[in-house]
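What the sequence shown shows, in the working numbering, is residues 36 to 593, in sequence order. Okay, structure first, notes after.
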Amino acid sequence: MKKFKEFAVYCENTKKEKKYTFGTTLADIIEDQKIDIGEDILGAMVNNTLKELDYILYKPKTVRFIGYTHPDGQRMFMRSLSMVLFKAVVNLYPDYKLRIEHTVSKGLYCELEKLIKEDTHDEVIGKLRNRMQEIIEQDLPFEREEIRTEVALRIFEEFGMEDKCTLMRTRRQFYSSVYKLDDVVNYFYGYLVPSTGYLKHFGLVKYYKGMLLVLPRKENPDELEDIVIQNKLFDIFQEFNEWVEIIGVPNVGRLNEITQSGKIGDIIKISEALQEKKLASVADMIYNRKEVKVVFISGPSSSGKTTFAKRLAIQLSVIGFKPVVISMDNYFVDRELTPRDKNGNYDFEDPHALDIKLFNENMLDLMAGKEIKLPKFSFSKGKRFYDDTTLSMHKNSIIVVEGIHGLNPEISALIPGDRKFKVYVSALTPLSIDSNNRIPTTDNRLIRRMVRDSRYRGYSALETLQRWPSVRLGEEKHIFPYQEEADVMFNTALLFELGVLKQWAEPLLREVPPNTPEYSEAKRLLKFLSYLVCINEKEIPPTSILREFLDGSSFDYS
36 MKKFKEFAVY
46 CENTKKEKKY
56 TFGTTLADII
66 EDQKIDIGED
76 ILGAMVNNTL
86 KELDYILYKP
96 KTVRFIGYTH
106 PDGQRMFMRS
116 LSMVLFKAVV
126 NLYPDYKLRI
136 EHTVSKGLYC
146 ELEKLIKEDT
156 HDEVIGKLRN
166 RMQEIIEQDL
176 PFEREEIRTE
186 VALRIFEEFG
196 MEDKCTLMRT
206 RRQFYSSVYK
216 LDDVVNYFYG
226 YLVPSTGYLK
236 HFGLVKYYKG
246 MLLVLPRKEN
256 PDELEDIVIQ
266 NKLFDIFQEF
276 NEWVEIIGVP
286 NVGRLNEITQ
296 SGKIGDIIKI
306 SEALQEKKLA
316 SVADMIYNRK
326 EVKVVFISGP
336 SSSGKTTFAK
346 RLAIQLSVIG
356 FKPVVISMDN
366 YFVDRELTPR
376 DKNGNYDFED
386 PHALDIKLFN
396 ENMLDLMAGK
406 EIKLPKFSFS
416 KGKRFYDDTT
426 LSMHKNSIIV
436 VEGIHGLNPE
446 ISALIPGDRK
456 FKVYVSALTP
466 LSIDSNNRIP
476 TTDNRLIRRM
486 VRDSRYRGYS
496 ALETLQRWPS
506 VRLGEEKHIF
516 PYQEEADVMF
526 NTALLFELGV
536 LKQWAEPLLR
546 EVPPNTPEYS
556 EAKRLLKFLS
566 YLVCINEKEI
576 PPTSILREFL
586 DGSSFDYS
């Protein structure tokens, strides 16, 4: 009998190296070394690449086991719980199609198509929740299998999953990975946990016409998130979901079909026209608020705030205003006065990184008819400076302020409420991969930022990925809690944009070194982008919000 050569496996969790033979799985290592990370182990990073616990080792590797508190662990949990919900629907309501739409109110919003009878709503959700609990208690394995795409197509056609079939046909791969859970089969663009028994903590509650899949807290998997009502955010998601259904492009597969047919120019024109129409609508809302003197535009990183502010100024000019556009970046305090985060790094996401007192004084002086000297900020020197720039307001003038903290009440505390109009902008992509696989809005923004950082700031994809967790933490703490304070929300996502950004993002992501922790995130994003067919940018107008992240804009961003 052939004797397999031993090889070394280094475990980052225990800081120990031990030898194993071919055929050893990650699950075997957990059992052998009694690995304990303080929570359920859901998967592992093997040479900075995410793997499931049945992954077979065959040569030297570095392994780091992860749980729910890791972002990839949360994604594995969410996909797996979605699969359990899918099975519950197939078992109880086989004639209805499950749609997993978007995250809102600290949960995942889902609907059953056509099942909207109010008198049966609570009963339906109760039965689904109980069935999910039964499936979880059975501790059924999630079985992944790599099969020929033509076989996968036949399976999904049998289940009536035409959106998955369209995606697979346009992707044109020889093989596809499918997951089997007892009597159902589905497809997810990422890994699942080993079995349903890992999904002990979840909730399923009535929410609008559908239901909210409630997830555990990121920092404590044994507790569920508190549901935070976000009516305005939900409404804008629903509006765009209905819009993509109307124009017939609800998912990536259909977008790919249109791109391959050469008709994507029509979708670009329609998407841009919709944004222009909505911009004009926001300007009209401001016009109808006769007392408004300052418009605050807020939103998270890479939401397109700057271009939105410039385009809104044009629309305000059309209806008789004389807009004065100001960036909050002008009001950064000197670098040595900037707050620091818990790791001792400068926290530019903290509102106190801005000179709030000076900002309020300047705004009040402008509204009183006084002229102000506009401060500037040198990011290279970390210092405030003044040049010859002055500002003043005249008849029909209106101030448009753009910055991430625009909705924070502290920022504009001295400005009377009736003088303010607040806009929240974000890239809330209405597109999904298919009916059971959503596209996270954070991925849309991260890809935007990566491309812009490379083209305009000289940052590599690795540097963008390294900064992203800190950016996200700042958003969760300082931006998202105030989004429902907005008078209006504006979606800057464009239906076609990920197909356009793909050609710039992919080369950047391929440059992320394998020996960095961010390599796993780069691989995940590359996998996601592989589902999209490239879209040529030639028909994108120079005033498009997308031009803020590419080039060819007719706006000046200096």
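Beta carbons: idealized from backbone N, C-alpha and C, even for Gly. Since this is a predicted model, take the numbers as computed values, not measurements.
Pairwise C-alpha distance: residue j and residue i
i: residue 401; j: residue 409; result: 11 Å
i: residue 574; j: residue 540; result: 19 Å
i: residue 70; j: residue 64; result: 8 Å
i: residue 218; j: residue 123; result: 11 Å
i: residue 336; j: residue 138; result: 18 Å
i: residue 505; j: residue 267; result: 26 Å
i: residue 153; j: residue 242; result: Residue placement at residue 153 cannot be trusted, given a pLDDT of 48 that sits under 50; what the coordinates show is reported in the next sentence. Approximately 12 Å, taken between the alpha carbons.
i: residue 51; j: residue 572; result: 50 Å
i: residue 203; j: residue 464; result: 21 Å
i: residue 583; j: residue 427; result: 28 Å
i: residue 515; j: residue 53; result: 45 Å
i: residue 141; j: residue 569; result: 32 Å
i: residue 130; j: residue 365; result: 57 Å
i: residue 156; j: residue 134; result: 16 Å
i: residue 182; j: residue 211; result: 6 Å
i: residue 308; j: residue 578; result: 11 Å
i: residue 84; j: residue 546; result: 15 Å
i: residue 576; j: residue 291; result: 21 Å
i: residue 165; j: residue 178; result: 23 Å
i: residue 263; j: residue 249; result: 11 Å
i: residue 387; j: residue 374; result: 7 Å
i: residue 383; j: residue 251; result: 29 Å
i: residue 95; j: residue 46; result: 11 Å
i: residue 379; j: residue 442; result: 26 Å
i: residue 455; j: residue 440; result: 14 Å
i: residue 517; j: residue 413; result: 28 Å
i: residue 339; j: residue 512; result: 20 Å
i: residue 466; j: residue 40; result: 49 Å
i: residue 342; j: residue 581; result: 9 Å
i: residue 87; j: residue 236; result: 20 Å
Assigned exposure category for residue i - 16 Cβ within 10 Å defines buried
i: residue 420; result: exposed
i: residue 372; result: exposed
i: residue 473; result: buried
i: residue 416; result: exposed
i: residue 462; result: buried
i: residue 281; result: exposed
i: residue 148; result: exposed
i: residue 357; result: exposed
i: residue 44; result: buried
i: residue 532; result: buried
i: residue 592; result: exposed
i: residue 476; result: buried
i: residue 534; result: buried
i: residue 57; result: exposed
Continuous alpha helix (DSSP H) stretch holding residue i: start and end
i: residue 144; result: Note, residue 144: premise wrong, no alpha helix (DSSP H); beta strand (DSSP E) at 142-147.
i: residue 163; result: 156-172
i: residue 313; result: 299-323
i: residue 221; result: No alpha helix (DSSP H) contains residue 221, which is instead part of the beta strand (DSSP E) from 219-221.
i: residue 413; result: Note, residue 413: premise wrong, no alpha helix (DSSP H); beta strand (DSSP E) at 411-413.
i: residue 511; result: 496-513
Endpoints, beta strand (DSSP E) assigned at residue i
i: residue 80; result: 78-81
i: residue 354; result: Premise fails: residue 354 is in no beta strand (DSSP E) and is neither H nor E.
i: residue 200; result: Residue 200 -> not in any beta strand (DSSP E); alpha helix (DSSP H) instead, spanning 197-206.
i: residue 423; result: No beta strand (DSSP E) holds residue 423; DSSP gives it neither H nor E.
i: residue 379; result: Element bounds for residue 379: n/a, residue is neither H nor E.
i: residue 248; result: 245-249
i: residue 456; result: 455-461
i: residue 190; result: No beta strand (DSSP E) contains residue 190, which is instead part of the alpha helix (DSSP H) from 184-193.
i: residue 238; result: 238-242
i: residue 524; result: 523-526
Beta-carbon separation (whole angstroms), residue i vs residue j, contact threshold 8 Å
i: residue 536; j: residue 486; result: 6 Å
i: residue 191; j: residue 114; result: Their Cβ separation, rounded to whole angstroms, is 17 Å, which puts residue 191 and residue 114 out of contact at 8 Å.
i: residue 288; j: residue 205; result: 6 Å
i: residue 553; j: residue 481; result: Incorrect: roughly 11 Å between the Cβ atoms, too far for contact.
i: residue 565; j: residue 198; result: With a Cβ gap of about 17 Å, residue 565 and residue 198 do not count as contacting.
i: residue 524; j: residue 271; result: 5 Å
- Task: Could you tell me whether the region 447-455 touches the region 386-398, using the rule of 3 or more Cβ pairs below 8 Å?
- Result: The region 447-455 makes contact with the region 386-398: 3 or more CB pairs, one atom from each, lie closer than 8 Å.
- Query: Are three or more beta carbon pairs between the region 318-336 and the region 425-445 nearer than 8 Å?
  - Reply: Yes, the region 318-336 touches the region 425-445.
- Query: How do the region 348-356 and the region 552-565 stand: do at least 3 beta-carbon pairs fall below 8 Å, yes or no?
  - Reply: no
- Three or more C-beta pairs below 8 Å linking the region 165-172 and the region 300-319: no
- Query: So, do the region 274-291 and the region 479-493 have three or more beta carbon pairs nearer to each other than 8 Å?
  - Reply: no
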